[in-house]
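Under the numbering used here, the first residue of the sequence shown is numbered 7, with each subsequent residue one higher. All remarks here apply to the structure that follows.
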Amino acid sequence: MYLEHWKLNDFPFDNVPSSHFYYETDEHRTLCEDLYDAIIRRRGAIVLTGEIGCGKTTSTQRVLLDLPQERFDIALINYSSLSPLEMLFEISQQLGLGIVEKDKNILLTALREHLSKNATENRDTLICIDEAQSVPDITTLEELRLLLNFQLGDRFLVTLLLVGQPELQEKIAQIPQLQQRVALNLHVGKLNTQNTLNYVLHRLQIAGCERPILTKQAIILIHQHTGGVPRRINHLMDRCLLVGQRTSSALIDSKLVQATMQRYPG
């Protein structure tokens, strides 16, 4: 427990996504604005990619929470290793359709009726598939693509948001009909050195840190070691705070960071 040593109120680098510690770069802000705009305008299919630990899920959750609750009916699928039938069933469960039979025709009929009902009540339906690169068979993506055929006049009855690692684009490329339906491709990048500094200082400040405890050389080394990936920064900073407490250090400098990397490689 290093909170007392560093005079912190909370653990600033826990790995669970938290809106309390959310740090937004200019790039993240623009990305979230673009994503929000595409959903609000019912653009059809949207794809958001990013490397592991770069904040795809956090950014997505932030946008979903900002959507008007009275307007949006959202199915959020966090486990994507599903067959086409399993995916349709999970979507029906998320939307509260109450279907118990895993019958494709029954599911599609009920889903279309639900989407149409939402549209007539001026509600939008959003289906968000997180970790979409883990879809085991492209036939599942094809089944999702077919949902975009549900239209009423000049509007889609559903907006499909696919979130995943960069290899998701390779799977989408295997389905030209889906690739052509994608209205917006977004990518969450890694943090540069300055944003790494801002990210670390932001989280420390939110946790109650009231004095400088980092050197510039330490941040440069942290950025080099983590590649600017927020999740890796969290891992390393958490260990640095622990090692600093054990060694009664007053600062996190490059020597402490180096010692931490040697003690906790990876």
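No residue lacks a Cβ here, since even glycine has one placed at the ideal position from N, Cα and C. Keep in mind it's a predicted model, so treat the numbers as computed, not measured.
- Sixteen is the threshold: since fewer than 16 other Cβ atoms of the shown chains lie within 10 Å of the Cβ of residue 222, the residue is exposed.
- The residue among 253, 27, 14 and 16 with its C-alpha nearest the C-alpha of residue 236 is 27.
- Sequence-distant partners of residue 187 (beyond 5 residues in either direction) whose C-beta falls short of 7 Å from its own C-beta, in its chain, are 50, 51, 151 and 154.
- A distance below 9 Å separates the beta carbons of residue 167 and residue 54.
- Under the three-state reduction of DSSP output, residue 198 falls in the coil class, being neither helix nor strand.
- The C-alpha of residue 98 lies about 7 Å from the C-alpha of residue 105.
- In the three-state reduction of the DSSP assignment, residue 72 falls in the helix class.
- Counting C-beta pairs with one atom in each stretch, the stretch 168–178 and the stretch 140–149 have three or more that are closer than 8 Å, which means they touch.
- A straight line joining the alpha-carbon of residue 78 with that of residue 86 spans about 22 Å.
- The beta-bridge partner set that DSSP reports for residue 82 consists of 134.
- Residue range 51–56 is occupied by the beta strand (DSSP E) that includes residue 56, with no alpha helix (DSSP H) assigned at that position.
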